[in-house]
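Quick note: the sequence shown uses our numbering, first residue -3, plus one each step.
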Amino acid sequence: MHILNVAEKPSMAKTIAGILSGGKYTRENGRNKYCSNMFFSTHKNNTVYSMVMTSVMGHVSSLDFQHTHRNWQHTDPKELLVAPLETKTIQDMEKVKQNIEEMARKTDMLVIWTDCDREGEGIGMEIADIARNSSPKIKVGRARYSSVTKGDILNAFLNLSELDRNAADAVLTRQEIDLRIGSALTRYQTLLFKGLFSEKKVVSYGPCQFPTLGFVVEQYRRVEEFVPEAFWHIAVNTTRDKKKCVFAWARGRVFDRLAAFVLYERCLLAKEATVVSVTTSKTTRQRPLPLRTVEFLKKATAVLKFSAKKAMDRAEALYTSGYISYPRTETDMFDRKTDLKALVKAQTGHRLWGGHAAAILEKDRFLFPRKGRNNDLAHPPIHPTSPGCDLKGEDMKVYELITRHFLACCSHNAEGLETKVEIAIGAESFAEKGVVVTDRGYLDVYIYDKWLIKELPAFEKGEVFVPDAILLSDGRTSAPKLLTETELIAIMDKNGIGTDATMQDHIEKILERKYAERKAPFLFPTQLGIGIVSGYDRIDLVFSLTKPYLRAKMEKMLKEICDGKTQKQSCILEVLRLFERAYTRAEKKGPALVHTLETCLKQKNPAARKR
-3 MHILNVAEKP
7 SMAKTIAGIL
17 SGGKYTRENG
27 RNKYCSNMFF
37 STHKNNTVYS
47 MVMTSVMGHV
57 SSLDFQHTHR
67 NWQHTDPKEL
77 LVAPLETKTI
87 QDMEKVKQNI
97 EEMARKTDML
107 VIWTDCDREG
117 EGIGMEIADI
127 ARNSSPKIKV
137 GRARYSSVTK
147 GDILNAFLNL
157 SELDRNAADA
167 VLTRQEIDLR
177 IGSALTRYQT
187 LLFKGLFSEK
197 KVVSYGPCQF
207 PTLGFVVEQY
217 RRVEEFVPEA
227 FWHIAVNTTR
237 DKKKCVFAWA
247 RGRVFDRLAA
257 FVLYERCLLA
267 KEATVVSVTT
277 SKTTRQRPLP
287 LRTVEFLKKA
297 TAVLKFSAKK
307 AMDRAEALYT
317 SGYISYPRTE
327 TDMFDRKTDL
337 KALVKAQTGH
347 RLWGGHAAAI
357 LEKDRFLFPR
367 KGRNNDLAHP
377 PIHPTSPGCD
387 LKGEDMKVYE
397 LITRHFLACC
407 SHNAEGLETK
417 VEIAIGAESF
427 AEKGVVVTDR
437 GYLDVYIYDK
447 WLIKELPAFE
457 KGEVFVPDAI
467 LLSDGRTSAP
477 KLLTETELIA
487 IMDKNGIGTD
497 ATMQDHIEKI
507 LERKYAERKA
517 PFLFPTQLGI
527 GIVSGYDRID
537 LVFSLTKPYL
547 RAKMEKMLKE
557 ICDGKTQKQS
567 CILEVLRLFE
577 RAYTRAEKKG
587 PALVHTLETC
597 LKQKNPAARK
607 R
């Protein structure tokens, strides 16, 4: 039997061909210079198969409007919400398509090796349609895998399944909605605002990018509108056994100056402090949950200082090279059947964390990871699949984060003893806490978590002492900070904007389109971004185009399509109905949108101001 195998990227095709062929394949140029054809033989159930492995480069086809609706000047943008669509081969993908057609005519079966996520199913269905059009009798199988290791790839080949039509429909649904909504509003905005720019400028709209921008602008407004408020607080200092203690006031802060001075004077008159209680209790610092994509992006942006896009790009490269499992996953729980000890053992030779990995196994300190709340039923949490001793640079940093996180998941919690001393000076109460770590547990390998140790001197309940100082200090409340990329990802996740596979792309889009700027570590909206968001807020839309409701509803419906709970056309009609209401309102309030943006554009970009 002759089998055509198609991967999503050329690099993945090469890796899989190497595994299935045992490294023995012959390579020939395909019609596209990047997508080679690799020929080899392999065995399955005592049968020899003649194989050819090739690839695409993402989507091969896309939806577009028919030529009658492509002219911006002669088409009302609103018509794009219902205008007829056609499926066309993406520019530069024609030779990729021809290669699949040619290979399909020479084979009996097609095996799809695209990424095992929603988008991968959509691309896989495009490949299958191309092959079937060329060879109607060709059989189609779907290889499913979560890591590019020999075991996973061979198991996927031995246990082929079918393409998921529901997931592919969800992709088509998303493509159609994004095309219609994005094109309609991009054309409307560009034509509406053209008088505000000296050069031709496309003011593009994205159904995910605008809510993402909305979060950035909303936080910026909080910062700008913040009014600091004066406060006062009392602290009690004492030193004993060369250990300094600062007792914090139970009231925290007082915002009335006179009241603060009265209470402070009473403390000064009392002079002495009485120890009310001394308690010591066990305290625990929990090891992290298994790593899902959103948490990975948050960690990478926070501790590695990478952009979310860079972090995902490096993770994708590590996955393709067989170092880590699939990096796009919503799952934060491991299957109990997974041999995690074998994965830990594979790390014992690493010079940085090998000692911890060995100690987990040798001292019987292995603990099965905690169980989170999320399971996409497609992929396990992100984890290392092979040693990365040869990695360097950015790849090494990402691999280290993932590996240390995995080993921390398999370690014990950190344990400590917390001592709390409460004192009274007159009628006022104060407290100081100290922590002594008794078992570092996962902290030995997870360098990204810190547990500050503070050992208190001995105090006894009922004892009376004279503090070294009783201090009244003033201060002002601090303004909130602008959003970091880490915080933005968390907000997007909470509001259902984007998926684990797309969040970093939406952030990059608002930067590319000059709606926001990155000035590490913060994200600033530009005046263009502020003006657009302010304009839509001003016209009082029921479902604002810069708020998360519409997109979150669509993402929820796409998941329902995947789960077989709703149909593609129902989702399209419902989302477009809601959007049309918002579009109609925006159309009527065009002058207000122009005025708001024009006013904002006259001001200096926030990132350029002195702060």
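We put the beta carbon where it would ideally sit given N, CA and C, even for glycine. Please read all numbers here as calculations on a predicted model, not as lab measurements.
Please determine, among the options, the residue with the shortest C-alpha to C-alpha distance to residue i.
i	options	result
residue 461	531, 236, 223	236
residue 240	270, 429, 188	429
residue 45	154, 112, 208	154
residue 96	72, 447, 130	130
residue 475	222, 295, 321	222
residue 483	320, 528, 293	293
residue 225	180, 250, 4, 185	250
residue 115	491, 56, 177, 197	56
residue 82	348, -3, 63	63
residue 173	520, 422, 567, 354	567
residue 490	243, 544, 134, 285	544
residue 318	0, 171, 15	15
residue 520	220, 177, 51, 324	220
residue 176	-3, 205, 80, 563	80
residue 199	216, 360, 599, 510	510
residue 557	12, 91, 168	168
residue 47	102, 36, 477, 85	36
residue 243	290, 164, 424, 295	424
residue 158	196, 105, 192	105
Pick helix, strand or coil for residue i, following the three-state DSSP scheme.
i	result
residue 474	coil
residue 532	helix
residue 350	helix
residue 134	coil
residue 53	coil
residue 24	strand
residue 491	helix
residue 459	coil
residue 301	coil
residue 274	strand
residue -2	strand
residue 290	helix
residue 435	strand
residue 29	coil
residue 610	The question about residue 610 has no answer, for the chain in this structure spans -3 to 607.
residue 194	coil
residue 480	strand
residue 58	strand
residue 391	helix
residue 375	coil
On the DSSP bridge list, what partners appear for residue i?
i	result
residue 515	518
residue 396	For residue 396, which the question treats as bridged, DSSP gives no partner whatsoever.
residue 408	Beta-bridge pairing links residue 408 to no other residue.
residue 7	Its beta-bridge partners do not exist; DSSP assigns none.
residue 469	229
residue 281	410
residue 380	320
residue 34	23, 49
residue 39	44
residue 417	274, 428
residue 450	431
Closer than 7 Å, CB to CB, is residue i near chain D or not?
i	result
residue 560	Here there is only one protein chain, and chain D is not present.
At 3 residues or longer, and completely inside the region 202 to 268: list those beta strand (DSSP E) runs for me, N to C. Listed in chain order, they are 226 to 236, 239 to 245.
Just checking, does the region 226 to 239 make contact with the region 467 to 483 on the three C-beta pairs under 8 Å criterion? Taking 8 Å as the limit for Cβ pairs, the verdict is that the region 467 to 483 does touch the region 226 to 239.
May I have a chain-ordered list of the beta strand (DSSP E) segments no shorter than 3 residues that lie completely inside the region 60 to 88? Listed in chain order, the complete beta strand (DSSP E) runs (minimum 3 residues) inside the region 60 to 88 are 81 to 85.
With contact counted as at least three CB pairs below 8 Å, one residue from each stretch, are the region 319 to 332 and the region 352 to 368 in contact? Taking 8 Å as the limit for Cβ pairs, the verdict is that the region 352 to 368 does touch the region 319 to 332.
Any contact of the region 254 to 261 with the region 338 to 349, i.e. 3+ C-beta pairs under 8 Å? Verdict: no, contact absent.
Contiguous beta strand (DSSP E) assignments of at least 3 residues, all confined to the region 563 to 591: With a minimum length of 3 residues, no continuous beta strand (DSSP E) run stays inside the region 563 to 591.
Is it true that the region 499 to 508 meets the region 302 to 311, where meeting means three or more beta-carbon pairs spaced less than 8 Å apart? The answer is yes - the region 302 to 311 touches the region 499 to 508, with three or more Cβ pairs under 8 Å.
Using 8 Å as the Cβ pair cut-off and three pairs as the minimum, do the region 504 to 523 and the region 547 to 556 touch? No, the region 504 to 523 is not in contact with the region 547 to 556.
Which parts of the region 106 to 161 are runs of the beta strand (DSSP E), unbroken and 3 residues or longer, counting only runs that do not cross its ends? Note on the region 106 to 161: whole beta strand (DSSP E) runs with a minimum of 3 residues are 135 to 138, in chain order.
Touching or not, the region 414 to 429 and the region 375 to 390, by the rule of three or more beta carbon pairs under 8 Å? No: the two stretches stay apart, fewer than three of their Cβ pairs being nearer than 8 Å.
For the region 386 to 394 against the region 345 to 356, do three or more pairs of beta-carbon atoms, one drawn from each stretch, fall closer than 8 Å, so that the two count as touching? Counting C-beta pairs closer than 8 Å gives fewer than three between the region 386 to 394 and the region 345 to 356, which falls short of the contact rule.
Any 3 or more C-beta pairs closer than 8 Å across the region 523 to 536 and the region 573 to 593: Result yes; three or more Cβ-Cβ pairs closer than 8 Å.
Any contact between the region 65 to 79 and the region 182 to 196? By contact I mean 3 or more CB pairs, one from each, below 8 Å. With the cut-off at 8 Å, the region 65 to 79 and the region 182 to 196 touch.
Taking contact to mean at least 3 C-beta pairs separated by less than 8 Å, is the region 115 to 124 in contact with the region 140 to 152? Judged by Cβ distances under 8 Å, the region 115 to 124 makes no contact with the region 140 to 152, as fewer than three pairs qualify.
Are three or more beta carbon pairs between the region 434 to 451 and the region 400 to 410 nearer than 8 Å? Yes, they touch.
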